[in-house]
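Below is one structure, written out as structure tokens; the observations come after it.
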Amino acid sequence: MITDPRWLHLTQALEEQSHAAEYDAWVRNTSIEIQNNKLTILIPSRFFRDGFKQRFHHAIESLIPEYFPDGTTLHYRVKTSLVKRAPTPTIATNEGLEPRFTFENFIVGSSNEFCHAASLAVAEHPGMRYNPLYIHGGVGLGKTHLITAVANRVLANNPKCKIAFRSGERFTNDMINAIRNGKNEAFRASYREVDLLILDDVQFIAGKTGTQEEFFHTFDTLHKANKQILLTSDQPPGALKHLEERLRSRFNWGLVADVQPPDLETRLAILASKAELAGLILAPEISELLASRITSNIRELEGALTRLSAQSTLLNRAIDMRLAKEVLPDLLNIQIKRITIEDIQQLIAEYYNLRINDIKGRSRRKNIVLPRQIAMYVSKALTTMSLPEIADRFGGRDHTTVLYAVRKIAGLREQDHDINIEIDRIIARIKSQRP
Ligand code: ADP
Ligand code: MG
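Using this note's numbering, the first residue of the sequence shown is number 903, and each one after it goes up by one.
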């Protein structure tokens, strides 16, 4: 609307010497006319004019000789028809935070202690320690719980803090709507006022060009201003397909932490905590049953507990083995799906960002050979296949190749701590994918 470059430069200078919020609220709402050395600021109301003059008249007047060196004078005119552009775009903040998801309600075990520690550090010192903090891991392992706990803690420490908590999906929808209404500038600007941006399930934006573009700018603006950014995903940044490279590298700037499926002890502790929160007392055999049968998804563990408790209330019966067998029959005669070599190849290819054909193929490249040998080793460890059968599934090799791989990786696991941990993770992940 305002195209005169002199005015543009003047307002830039003005913006630099003003309060950002004041500038946004007052100056952005005006437009100008220039005629015969008269610069007229058009203002939507008299009330607005008075406030405007009080705040900016002197500053503008003293800038005029610099940007309008031809003796231009300053005037005001109220123009009620002035289409009022949106004032400071406001962004919905501090909403949608589940109050139950707190650090106090989060059970820490070896599978999540790293993420927990990182989240706690971020909650106590947002923008200072790990920025961004990127948490990844399988479904139902507590990612959303943890990042909500961060938000709740930050707010408790500083109730004025503005937190935008968005799912990747909501962020995308908001952005699409903004573009549709010609408001993408405002959309981007609205995020500038946020102190903490949380994007849950960021994998959702991968492959969506416009959303990634917008998020890239938002990310950079906030990061430069030392505002904390918190992300979750089902995959590490390196494994997200169709993610723009510049976002991938930014996701790795801070700290990348993963949550693993909880071990039995942690599952039991979580169950005890959830039962207590629900005011239930669980017999040890029931806890054992649930925690030993539901291994890879805490949401399911909770779901089973909720079903049991609902039925017990409804039928006015105690939560015992008989009720458990009626309410959760599927738990008790669970059909364990056998892990296949294809599952293993697929997961390892994804884990190392390779193609399945790399895993099965003949390339001697070092970054392929090791994952391939790990895949053979894991196949031997987790399936009942013989060496020749495994060799066959890896592109029709000789069984001695598999034997060699199995021995080599077993040796590596003893010598190399990092590789040992990595393989433990892979195995945990393969096991956890079994429905
Ligand atoms: P994700 O976002 O990783 O899919 P959620 O954070 O939604 O998982 O967690 C699923 C459910 O499991 C939530 O109700 C959450 O409270 C619970 N949960 C997960 N991990 C823990 C934990 N360590 N302690 C207590 N509850 C947990
Ligand atoms: Mg989640």
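We put the CB at the ideal spot given by N, CA and C, even for glycine.
Straight-line Cα distance separating residue j from residue i
i	j	result
S920	H1119	24 Å
K955	E1095	25 Å
S964	F958	10 Å
V1308	I1276	8 Å
E1015	E1252	25 Å
I1292	L1305	10 Å
A1343	A1141	Absent from the structure is residue 1343, since the part of the chain shown begins at 903 and ends at 1337.
L1182	F1003	19 Å
C1063	A1174	33 Å
K1110	H1319	39 Å
T1074	D1103	11 Å
E918	P1163	50 Å
A927	F950	10 Å
L1057	P1138	28 Å
F1067	R1082	22 Å
I1009	L1203	14 Å
Span of the beta strand (DSSP E), counted from its first residue to its last, around residue i
i	result
S933	933-937
R979	975-980
A1159	1157-1161
S1135	1130-1135
Burial state of residue i, where buried means 16 or more other Cβ atoms lie within 10 Å
i	result
E1116	buried
N1259	exposed
V1041	exposed
R1148	exposed
L1217	exposed
I1065	buried
G1070	buried
V980	exposed
M1077	buried
T932	buried
Q914	exposed
K1282	buried
Q1247	buried
P1290	exposed
D1097	buried
H1018	buried
I1243	buried
T1134	buried
I1323	exposed
T982	exposed
D1160	buried
N939	exposed
S1151	exposed
P1273	buried
Under 9 Å between C-beta atoms of residue i and residue j
i	j	result
N1409	L1256	With the chain covering only 903 through 1337, there is no way to say anything about residue 1409.
S1211	A1220	no
I1037	S1013	no
L1043	N1199	yes
L944	I936	no
I1222	A1185	Correcting the residue type first, residue 1222 is Asp in the shown sequence and not Ile. In contact: D1222 and A1185 (Cβ atoms closer than 9 Å).
L910	I966	no
E1000	T1050	yes
L1145	L1035	no
M1287	R1299	no
R1090	T1123	yes
K1129	L1099	yes
I1332	I1241	yes
L1192	L1207	yes
V929	L941	no
L1233	I1196	yes
I993	Y1093	yes
Where the alpha helix (DSSP H) through residue i begins and ends
i	result
H1018	1015-1026
R1068	Per DSSP, R1068 belongs to no alpha helix (DSSP H); it is in the beta strand (DSSP E), 1065-1069.
L1035	Counting along the chain, L1035 falls outside any alpha helix (DSSP H), though it belongs to the beta strand (DSSP E) covering 1035-1039.
I1200	1200-1217
D926	922-928
D862	An answer regarding residue 862 cannot be provided, because it is not within the stretch 903 to 1337 covered by the chain.
A1088	1086-1092
G1109	Element bounds for G1109: n/a, residue is neither H nor E.
G1313	1301-1317
A1053	1045-1059
N1269	1268-1284
V1010	Segment: none, V1010 is in no alpha helix (DSSP H) and carries neither H nor E.
M1223	1223-1229
R1169	1166-1179
D1294	1289-1295
For residue i: DSSP bridge partner residues
i	result
K940	Q937, T975
L1101	R1068, L1133
I945	V980
Test: residue i CB closer than 9 Å to a CB of chain C
i	result
T1286	In the structure shown, chain C does not exist; there is a single protein chain.
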